[in-house]
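Residue numbers (UniProt numbering): 1 to 502.
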């Protein structure tokens, strides 16, 4: 015997004071604490909105229910009437999700059809004897539609027949198994027919509920499947031209928040295993990161958002630059219940960003699907070496240097520390470029300052007691000294760079 946890949405048609002695009842105090819930099971906790008492149309509560208990569709509570008596009130119960239940072994997670205990039982049905005529008269031809329907089974029936009843039964059992798996195999073959002849593909039939299929051009890359689970497929992709490899994880997140927690844990583990390799994670995460990624009426997703962001941060993943459609999923409703969300995205680690700094992806328009396809654009710089961040040291002597750096460094960037520092340094480049433009050529500045100083000194030579000329000569000397110092710093920095290249 076991128990399972689910969320029950209880729609109350009227406010009621509960009487837990006569009828099963449900109550919530002002602070949101569950007082009693004897009609359903053992109450655990309400959701955040129910706890805050800001929603009056229904209450959502997490209740622990016995696996053998019959799930009711409503409960009856007593409400006070105007005459001082009590009137029964019906409250409907709606279950947001129910796990599959096996009535044979009384466990959750599978149905009676897929129960392992039922499969292990031996068949006690006596063998069926089939009369096989000895004449060589061929059987009547089957209709074309029936032949097309059983083409896969006909290939199995080409085995020579024998007149033993037991062997005939075994052959019929084998044919029945082929019919059961034939649908899945034929579906995969239909998908393969859309691919080019030299393409390869992989889908994991062993994983329960796996809905991820990977296809690749075998003439361009080699793909090695490292791991395949219910919510992801993890593989290593190697370029056949230069034998360089990278890690790609395709994600199909579960619809339930509790199930997605296992996905965040797996991603964190994979991040530690591939910390020194380029790693890309993409697909349908079934979760959003911010409220601006939702358009329409949606439930309380704040906890799911927090867990998603925490999982990304723990895995050291950063978002890849995106273009195209912002919302990648639509529930295809044309009424007021229309809902748009950004569920599909691509994330990378810092190693991927260092190797492919200009990579991005495009979110296309959805056609017949409810999801938008994502197209990854690789690095188009012909594998040129990424330039280091350089700036002229003489800019540090400018009074506006520190304020400009502080202004950029106060910007909030979501991602790993290395990703944030890299983006801030990129933002500083145009600022430093503008400072250099304002200062002009340093050698030209030295020549101009030297010319002004020569003219001021010539004027002082003719009138050495003139305080105005003396002050002018002093200012020109200071300007000339600063210009020479800046040129000296620049020359030393360039000389050091030349030595490093050698």
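Cβ coordinates follow ideal geometry from the N, Cα and C atoms, glycine included.
By the Cβ-count criterion, residue 299 is exposed, with fewer than 16 other Cβ atoms from all chains shown falling within 10 Å of its own Cβ.
Within 10 angstroms of the beta-carbon of residue 235 lie 16 or more other beta-carbons, which makes it buried. Here the alpha carbon of residue 316 sits roughly 16 Å from the alpha carbon of residue 261.
Taking 8 Å as the cut-off, the Cβ atoms of residue 231 and residue 254 count as close. With contact defined as three or more Cβ pairs closer than 8 Å, the stretch 64-83 and the stretch 319-331 are not in contact.
For residue 308, the uninterrupted alpha helix (DSSP H) run begins and ends at 302-315, by DSSP. As DSSP reads the structure, residue 224 sits in a beta bridge with 236. Annotation: the continuous beta strand (DSSP E) that includes residue 213 extends over 213-217. Uninterrupted alpha helix (DSSP H) stretches at least 4 residues long and entirely within the stretch 330-383 occur at 350-355, given in chain order. Looking at 268, 223 and 349, the one whose alpha-carbon comes closest to that of residue 276 is 349. Excluding five sequence positions before and after residue 373, the CB atoms of its chain that fall closer than 7 Å to its own CB belong to 364, given in chain order. Looking at the backbone, the Cα of residue 340 and that of residue 326 are separated by about 10 Å. Around the beta carbon of residue 249, a 10 Å sphere encloses 16 or more other beta carbons of the protein chains shown; the residue is thus reported as buried. Two segments are said to touch when three or more pairs of C-beta atoms, one from each, lie closer than 8 Å; by this definition the stretch 235-245 does not touch the stretch 281-295. Three or more beta-carbon pairs separated by less than 8 Å link the stretch 197-204 to the stretch 215-224, which places the two stretches in contact. Around residue 490, the same chain offers 392, 393, 394 and 442 as residues with beta carbons nearer than 8 Å, after the five sequence neighbours per side are excluded. Here residue 103 carries a coil assignment [DSSP, helix/strand/coil]. When only Cα atoms are considered, residue 344 and residue 293 end up about 11 Å apart.
Membership of residue 403 in the alpha helix (DSSP H) is indicated by the continuous run 401-409. Residue 487 and residue 446 have their alpha carbons spaced roughly 8 Å apart. Assigned with DSSP and collapsed to three states, residue 327 falls in coil, not helix or strand. Contact between residue 314 and residue 268 holds: CB atoms are separated by about 5 Å, below the 8 Å threshold. Burial state of residue 280 is buried, judged by a 10 Å Cβ sphere holding 16 or more other Cβ atoms. For a cut-off of 8 Å, the C-beta gap from residue 228 to residue 204 is around 4 Å, short enough to register as a contact.
In the three-state scheme derived from DSSP, where H, G and I count as helix and E and B as strand, residue 451 is classed as helix. Nearest C-alpha to residue 329 among 270, 367 and 278: 367. As the crow flies, the alpha-carbon of residue 410 is around 20 Å from that of residue 398. Runs of the beta strand (DSSP E) lying entirely within the stretch 50-116, each at least 3 residues long, are 58-66, 74-80 and 86-95 in chain order. Residues 235 and 236 of the same chain have their beta carbon placed closer than 7 Å to that of residue 224, with the five preceding and five following residues left out of the count. Residue 449 is positioned such that its CB atom lies closer than 8 Å to that of residue 479.
In summary, residue 112 is exposed, with fewer than 16 beta-carbon neighbours lying within 10 Å of its beta-carbon over all protein chains present. Taking the C-beta atoms as reference points, residue 457 is found nearer than 8 Å to residue 473.
Of the residues assessed, residue 291 falls on the exposed side of the cut-off, its CB having fewer than 16 other CB atoms within 10 angstroms. For residue 266, the enclosing alpha helix (DSSP H) starts and ends at 257-273.
When rounded, the separation of the alpha-carbon atoms in residue 96 and residue 419 is 40 Å.
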